[in-house]
Amino acid sequence: MVSRLEIRLKKELNDAEGAGIRRKSREYFGFEVNDIRVIRMLTIDADLNRDQLEQIRTEIFTNPVIEESSYSPVAGKFDWLIWVGFRPGVRDTAGSTAAEAVEDLLGIKFGHGQAVYTSKLFEINGTLDEDQVNKIAGELLANNIIQQWKIYSADNWQADTGVGFLVPKVVLDHEPKVSTISIRSDEELKNISFERNLALQERDIPVIREYFMKKDVLKDRKKVGLDLPTDVELEYISQARSDHCNHNTFRGLFRYVDILTGYMEPVDNLFKSCIEAPTLKIAEQKDWVVSVLWDNAGVGRFDNDHYYVITGETHNSPSNMEAYGGAITGIVGIYRDPMGTGKGSKLILGMYGYCVGHRDYSGDLKPHLHPRRLLDGVIEGVRDGGNKSGIPTPFGLLLFDESYLGKCLVFVTALGIMPSMIGNESSHVKATSPGDLIIMSGGKVGKDGIHGVTAASETFSEHTPAGHVQIGDPYTQKKMHDFLIEARDKGLISYITDNGGGGLSSSIGESARFSNGCIVDLDKVPLKYEGLDQWEIWVSESQERMTIAVKPGHLESFMELSEKHAVESTVIGEYRDSGYLHLRYKGKTCAYIRMDLLESDFPQWEFDAEWIPPETRGLTEPVIDEPSNQGSLLAEILARPNICSRNWIARQYDHEVQGGSVIKPLVGKKRDIPADAAVVRPLLDSKKGIAVSQALNPFYSEIDTYHMAAATMDEAVRKVLSVGGDPDHLGGVDNFCWPTVEYHPAKNPDGRYKAAQLVRANWALRDICLSYGIPLLSGKDSMYIDGNLEGRFGERRKVSGLPAFLFTVSSMVTDISKCLTMEAKFPGDLVYVVGETRNELGGSEYYQTMGSVGLNIPVLNAGEVWPQYLALHEAIQEGLISSCHAVSRGGLAVHLAMVSMGGELGMDIDLQNIPASSGLTATQMLYSESCGRFVLTIAPEKKERFEEIFRNMKTGQAGIVTESTEFSVKDKNGRPLIREDIIRLKNCWKSPFGELI
Amino acid sequence: MMMHQVKALILTGYGLNCDYETDYSFRSAGAQSSLIHINELIMKQGAGSEVRLEDFHILVLGGGFSWADDHGAGVVMASKLKHNLGAQIDSFIGEGKLVIGICNGFQALVNLGLLPGFGYKYNERRVALTHNDSGNFIDAWVNLKVNPGSPCVFTRGISSIELPVRHGEGKFYAQEEDIDTLIKNNQVVMQYADNQGKEARGKWPLNPNGSLCDIAGICDPTGRIFGLMPHPEAFNHYTNHPDWTFEKERIFRQGKHITNEEGDGIKIFRNAVEYIRDTFYS
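Taken in sequence, the protein lines are chains W and D.
At position 57 of the first sequence the residue is numbered 1481 (our numbering), and the sequence of numbers has no breaks.
At position 132 of the second sequence the residue is numbered 721 (our numbering), and the sequence of numbers has no breaks.
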């Protein structure tokens, strides 16, 4: 029997959710409606009697103080009703927790196929026509990829039956079946691969065929009853060989040529030459580096007894399709990486970075989701994913650019901490051994996420299969997290890794390399619903699952603990030393692949990389003479979307949970200016802290990606140094998001140039890592940030995102009481600028304001700035500095103003005393984005000692902090350039998104 | 010494968080605290390994998202506790022990009916914590005015305090007559205020959620059951405070140093520990 419980807020109560929808429908579409109220619905597909139904209604699902409910329709007076529910098979966490609560209260257990489903009914009062209501439903309330909806007008509503009984149960009338695949010719396999969406790499096909035709392989296969390759086997190979899992692009051969000079250099394997080699070299010099380059995340030493763990990745394609689901899956997914690093770490911090089209985009192109809706969804996804995981999210970035209309970028970064020893073994060590049991813990497996990895490796179009979109479930994962930490501490875990891209296929495939083989019974894998084919079980990316190796002797304790934490764990196989990956279904072999197949010689990807220097591309400096109204210019630049306040995002992220917040995302007198970096104290009884920050500067990619990457790394480093990070401990995480680099005369005519851009960014990564001593603790690349968007005339235009390189830096703070925030603190303090300002406006916010790109990109001189960074650290440790801020996008004008706004104190600045190369105009001084610079304020009595530390360095006393709120800048001749009230400037800076909550 | 151990039980599991810092805060305040999974209290364990509520003095329902908070914050947790531990909780209260609910724990306490506990009846849902008027989750530090006339044992000697709120469902709501009763009984313990200690009068962001009468925390008529939306455990060290870098510099310039590194939130836990010592061990 199916019952439908409808719950609503009492009439006299403000419906905050409804009010939010009203606000959005006004803001998004200009529709004014009088009122929107929300009715929550639970569709209970289980045999409950009348008393039971009444008991759960009153005791659980209805709060008598604020709500009323009924098993009959409760909609009152309305003009329109919109019902929104999930499509079958989409994760409905609220439905599962409802079922859990019902089972507990009634002391029953739901039978097979019984469940609770949640949905919502929106009661609208207002004069809208049907098209408008459809727009609200389809573009605001529901996303047709995961949800379905229905619209009722007051006239066609049946008050007695309501929406009826809509049960989105998955019914797959399908008998699981293993198919074999013919490999008579390369051509045939290629066609089958295309038809079945296998996404086998064309150049891999001969290698795969050769393997399956080898005599000894055939002989071995015969023993287990196999002949031709099965779909399970080819899916396994396809997943393992995908660019997402195998990083074929980064491991490829790039034939680099500078078309101006003719300089040629074949670059064999960017990963090895620009990431691995420098990292290994630095790891030898820095004894705090514990584990790099092989595990799910990198490991550094926190103190004698603890390690910290860090990694970052992107979740672009799914977020582009379903913003909320993609983003929550992204943040919850990245949290599994530290959980699956070493023997497992406890999560302590998350960060985010979003690149999207402009919020008010009104151009010709039709992205799948409007950037405003997309951004709202992404923000909310990360909010729920982080907050509900109990992990602070104290840092993040947001960048608007039209080039991300094709595909948005969603970066997620996670840090964890673990004891340095588990028993007698270092916690970063893990291995599987023959005889260890393979256990899957966490969620069940469904069709969701199938072919996610391969879809991420393709360009987005409206026809991308939507099956890879999921909704992460932080609740299930938090339970699993708590369980696994306890299991780790009891010494029950030999090996742990997460099920992310590629599902069991990747997690077991990779973990079985340690023991050299495994046997898995796919029929033992718990499923959400029956009818999945064997290959689907094997590659499904259903979330919130970990794969764990447990010694048979520990099984009982492990399972007891799992039950205590209400986490599902199942033994699904065993690690072996057979040399084979062996999969069975109900006793019958469905895959039997040699472990060393994936190490065999698959052909390397090859790219032509043609560098066209910026001058050759026609870039020049623009011709703009000095603005006469510098005050208005500054006020306008402060209000630009990539400079202005985006506080509404940080405020909805819990950045204090776990109790160790030291430097918060918003600082200053009114707690409203973004901090340079976040600092947390992960162990509450220790004075040690971790400082983390990130930088992202894709606009410089328009000139030269080498300098883009160098400037970005330098900015991230300066930000952690500003709050008190240690220059001797700088860990890096590189996240590349690049448009397709494979040349195609029609589809990607500038592919060769984009390939050269990638090479150059990697060269900078290598060079700056070596100069600053930064080991790359982790990193990921996400290629294919392109989209083909429909234009006004039915045409499709390719939009490629600007090459983006997010750099994350982690650092140690020995004593958190030395940490600094960026705001000016006391009138009379001296304002210093450290680092030289040069004629480097290329790619700057100022040039962008003027509609230009320019040529003179900021060029990092690592050798010159490094001693200044060491001096800064010394000065901070001596307690000489009262505020410190890294100068970044917008230059000195913007960042002096930020320091002033932060303290709500004025400043008198004299450009004459700011270290600069000769002959700069005032505008170049104010807006150049040269690397290596800081703005500091210090107490006057600290001047002498401060200047002693910075002797012979490019440092100057730029001015003074004043009691008044006037922000004043004088040019080199002492004439006033800017005289603005700092509160007015702050209001300009806050105004663009000031209304958002 | 062992005789005088004040034992706090901090519930964990099912999506609760804040357990780590709440445990640390209780320890800093002198308690012996234990992190106990809800199922350890509920599930039948092997002989000897049983965890019993009666062996503790302070029951702590901390922050988090129990059962993902999908059906009203704290609702499913309240149902689970009531159904499985109702009698034990009743006798725990009957013995004069302490219960504190912070954020999600507060939400659970009002759904359990332990608060407001009018007429010492601990099974009625009379008040609610519902969606913030803003419609969104908010993390912000607030100024709180503490009612000196309240019987609440947790806030003794505190007249005002700054703490962070971090919630999406913190709007305190009740019928007018119930609000009047709360006020009359001095059960309103904490109210959102400005930095001068004046009530926020509903003004955002001083009152971050639209709570009626700016109510941030209430107690039962005995003052031994306390629920609050702000997080005292997140102010366990002076570096948690948003203005600490300024304060530190200010103190330095007076030629002084920070002598007490403890955060103000610890006072609330220390009051609880001292109350138990005085009541059970004197």
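Using N, Cα and C, we set each Cβ at its ideal position, and we do this for glycine too.
Pull up the DSSP beta-bridge partners for D:Leu-733, would you. The residue you call residue 733 of chain D lines up with position 144 of the second sequence. In the DSSP output, where bridge partners are listed per residue, D:Leu-733 has D:Ile-750, D:Tyr-781.
Could I get the ranges of all uninterrupted alpha helix (DSSP H) runs contained in the segment 1933-1996 of chain W, with 4 residues as the minimum, in chain order? You should have 1958-1963, 1979-1988.
How long is the line joining the alpha carbons of W:Pro-2173 and W:Gly-2278, rounded to whole angstroms? Taking the first sequence and counting its residues from 1, the one referred to as residue 2173 of chain W is at position 749. Taking the first sequence and counting its residues from 1, the one referred to as residue 2278 of chain W is at position 854. Taking the straight line from one Cα to the other gives about 24 Å.
Do you know how far the Cα of W:Trp-2162 is from the Cα of D:Lys-856? Residue 856 of chain D sits at position 267 when you count from the first residue of the second sequence. Residue 2162 of chain W sits at position 738 when you count from the first residue of the first sequence. Take the alpha-carbon of D:Lys-856 and the one of W:Trp-2162: they are about 52 Å apart.
For W:Lys-2204, which of helix, strand or coil comes out of DSSP? Position 780 of the first sequence holds residue 2204 of chain W. W:Lys-2204 sits in a strand when the DSSP states are folded into three classes.
Checking contacts by CB at 9 Å: is W:Glu-2015 closer than that to chain D? If you number the first sequence from 1, residue 2015 of chain W lands on position 591. Reading the sequence as shown, one finds Ala at residue 2015 of chain W and not Glu. No, W:Ala-2015 lies away from the interface with chain D (no Cβ there is under 9 Å from its Cβ).
Cutting at 6 Å between CB atoms, please list the residues of its own chain near D:Cys-795, excluding the five before and the five after it. Against the second sequence, residue 795 of chain D aligns to sequence position 206. The question names Cys, but residue 795 of chain D is Leu in the sequence shown. Cβ neighbours of D:Leu-795 beyond the five flanking positions: Tyr-781, Asp-783, Ala-789.
Could you name the residues of chain D that W:Leu-2108 contacts, counting a contact when the two beta carbons are closer than 8 Å? Taking the first sequence and counting its residues from 1, one reaches residue 2108 of chain W at position 684. Residues of chain D with a Cβ closer than 8 Å to the Cβ of W:Leu-2108 are, in chain order, Tyr-609, Glu-610, Tyr-613, Asn-825, His-826.
Going by C-alpha distance, which of W:Gly-1925, W:Arg-1627, W:Gly-1814 is nearest D:Asp-608? The residue labelled residue 608 of chain D in the question sits at position 19 within the second sequence. Its Cα nearest to that of D:Asp-608, the residue W:Gly-1814 stands out among W:Gly-1925, W:Arg-1627, W:Gly-1814.
Roughly how many angstroms separate the alpha carbons of W:Val-2257 and W:Leu-2058, rounded to a whole number? In the first sequence, counting from the first residue as 1, residue 2257 of chain W sits at position 833. In the first sequence, counting from the first residue as 1, residue 2058 of chain W sits at position 634. Going by the C-alpha atoms only, they are around 19 Å apart.
Length of the line joining the Cα atoms of D:Cys-802 and D:Thr-770: Working through the second sequence from its first residue, we reach residue 802 of chain D at position 213. Working through the second sequence from its first residue, we reach residue 770 of chain D at position 181. Going by the C-alpha atoms only, they are around 13 Å apart.
In the DSSP assignment, find the unbroken beta strand (DSSP E) run with W:Ala-1747 in it and report its ends. Taking the first residue of the first sequence as 1, we reach residue 1747 of chain W at position 323. Run containing W:Ala-1747: none in the beta strand (DSSP E); it sits in the alpha helix (DSSP H), 1747-1763.
Nearest-angstrom Cα distance between D:Ile-689 and D:Leu-648? Taking the second sequence and counting its residues from 1, the one referred to as residue 689 of chain D is at position 100. Taking the second sequence and counting its residues from 1, the one referred to as residue 648 of chain D is at position 59. It is roughly 6 Å from the alpha-carbon of D:Ile-689 to the alpha-carbon of D:Leu-648.
On the three-pair Cβ rule with 8 Å, is the segment 2150-2165 of chain W touching the segment 2287-2301 of chain W? Taking a cut-off of 8 Å for Cβ pairs, the segment 2150-2165 of chain W and the segment 2287-2301 of chain W touch, as three or more such pairs fall below it.
Any beta carbon from chain D within less than 9 Å of W:Phe-2250's own beta carbon? Position 826 of the first sequence, counted from the start, is the residue given in the question as residue 2250 of chain W. Chain D contact via Cβ: present.
Name the DSSP beta bridge partners of W:Lys-1574, please? Start at 1 with the first residue of the first sequence, and residue 1574 of chain W comes out as number 150. W:Lys-1574 pairs with W:Trp-1507.
Contact criterion: CB-CB distance below 9 Å. Does D:Thr-770 meet it with respect to chain W? Residue mapping note: residue 770 of chain D aligns to position 181 of the second sequence, counting from 1. Contact of D:Thr-770 with chain W is not assigned, every C-beta pair being separated by 9 Å or more.
Are the CB atoms of W:Gly-1442 and W:Asp-1459 nearer to each other than 9 Å? The count along the first sequence starts at 1 and reaches residue 1442 of chain W at position 18. The count along the first sequence starts at 1 and reaches residue 1459 of chain W at position 35. Going by C-beta atoms, W:Gly-1442 is nearer than 9 Å to W:Asp-1459.
Check whether chain D comes within 9 Å of W:Lys-1812, counting only Cβ atoms and requiring the distance to be less than that. Translated into the one-based positions of the first sequence, residue 1812 of chain W becomes position 388. Output row for W:Lys-1812: interface = yes.
Spatial neighbours of D:Leu-624 in its chain, beta-carbon cut-off 7 Å, leaving aside the 5 residues before and after: Translated into the one-based positions of the second sequence, residue 624 of chain D becomes position 35. So the list reads Ile-599, Thr-601, Asp-608, Asp-612, once near-sequence residues are dropped.
What residues in the segment 2050-2083 of chain W have a beta carbon less than 9 Å from any beta carbon of chain C? Any reference to chain C falls outside this structure, whose protein chains are W and D.
What number of angstroms, rounded off, separates the C-alpha of D:Gly-854 from the C-alpha of W:Cys-2243? For the purposes of this step, residue 854 of chain D is taken as residue 265 along the second sequence, with counting starting at 1. For the purposes of this step, residue 2243 of chain W is taken as residue 819 along the first sequence, with counting starting at 1. CA-to-CA, the gap between D:Gly-854 and W:Cys-2243 works out to about 21 Å.
CA-CA distance, W:Gly-2218 and W:Thr-2136? Taking the first residue of the first sequence as position 1, residue 2218 of chain W is located at position 794. Taking the first residue of the first sequence as position 1, residue 2136 of chain W is located at position 712. Rounded to whole angstroms, W:Gly-2218 to W:Thr-2136 spans 39 Å at the Cα level.
Taking only beta-carbon atoms, is D:Asp-809 less than 9 Å away from chain W? By 1-based counting over the second sequence, the position of residue 809 of chain D is 220. No, D:Asp-809 does not count as interfacial toward chain W.
Member of D:Trp-833, D:Gly-683, D:Glu-822 whose CA lies at the smallest distance from the CA of D:Tyr-709: Translated into the one-based positions of the second sequence, residue 709 of chain D becomes position 120. Cα-wise, what sits closest to D:Tyr-709 is D:Gly-683.
Going straight from the alpha carbon of W:Tyr-2130 to that of W:Ser-2268, what length do you get? Position 706 of the first sequence, counting from 1, holds the residue named residue 2130 of chain W. Position 844 of the first sequence, counting from 1, holds the residue named residue 2268 of chain W. Roughly 16 Å between the two C-alpha positions.
Check whether the Cβ atoms of W:Glu-1910 and W:His-1989 sit closer than 9 Å, and answer yes or no. On the first sequence, residue 1910 of chain W is found 486 positions in, with the first residue counted as 1. On the first sequence, residue 1989 of chain W is found 565 positions in, with the first residue counted as 1. Contact flag set, yes.
Below 8 Å on the Cβ atoms is my guess for D:Glu-758 versus D:Thr-719; work out the distance and round it to an integer in Å. As a working mapping, residue 758 of chain D is identified with position 169 in the second sequence. As a working mapping, residue 719 of chain D is identified with position 130 in the second sequence. Yes, they are in contact, since the Cβ atoms of D:Glu-758 and D:Thr-719 sit about 6 Å apart, within 8 Å.
Between the segment 2196-2207 of chain W and the segment 1817-1824 of chain W, are three or more C-beta pairs nearer than 8 Å? No contact exists between the segment 2196-2207 of chain W and the segment 1817-1824 of chain W.
Any C-beta of chain D within less than 8 Å: which residues of the segment 1507-1525 of chain W qualify? So the close ones are Thr-1517, Ala-1518, Thr-1521, Ala-1522, Glu-1524, Ala-1525.
Using 9 Å as the threshold, is the C-beta distance between W:Met-1950 and W:Lys-2012 below it? Taking the first sequence and counting its residues from 1, the one referred to as residue 1950 of chain W is at position 526. Taking the first sequence and counting its residues from 1, the one referred to as residue 2012 of chain W is at position 588. At residue 1950 of chain W the sequence reads Pro, which differs from the Met that was named. No, these two residues do not count as a Cβ contact at 9 Å.
Are three or more beta carbon pairs between the segment 2231-2239 of chain W and the segment 2345-2358 of chain W nearer than 8 Å? Contact fails: fewer than three Cβ-Cβ distances are below 8 Å.
Neighbour-count burial assignment, D:Glu-838, 16 or more Cβ in a 10 Å radius: What you label residue 838 of chain D is simply residue 249 of the second sequence in a count that begins at 1. Here D:Glu-838 is buried: its Cβ has 16 or more other Cβ atoms, across all protein chains shown, within 10 Å.
Quick check on the DSSP output: the alpha helix (DSSP H) that includes W:Met-1465 runs from which residue to which? Within the first sequence, the letter at position 41 stands for residue 1465 of chain W. No alpha helix (DSSP H) contains W:Met-1465, which is instead part of the beta strand (DSSP E) from 1459-1469.
Of all the residues that make up the segment 712-740 of chain D, which are near chain W by a beta-carbon distance shorter than 8 Å? Flagged, chain order: Arg-714, Arg-715, Val-716, Ala-717, Thr-719, His-720, Asn-721, Asp-722, Ser-723, Gly-724, Asn-725, Phe-726, Ile-727, Asp-728, Ala-729, Trp-730.
What is the rounded straight-line gap between the Cα of W:Lys-1559 and the Cα of W:Gly-1754? For the purposes of this step, residue 1559 of chain W is identified with residue 135 of the first sequence, where counting begins at 1. For the purposes of this step, residue 1754 of chain W is identified with residue 330 of the first sequence, where counting begins at 1. Rounded to whole angstroms, the gap between the alpha carbons of W:Lys-1559 and W:Gly-1754 is 28 Å.
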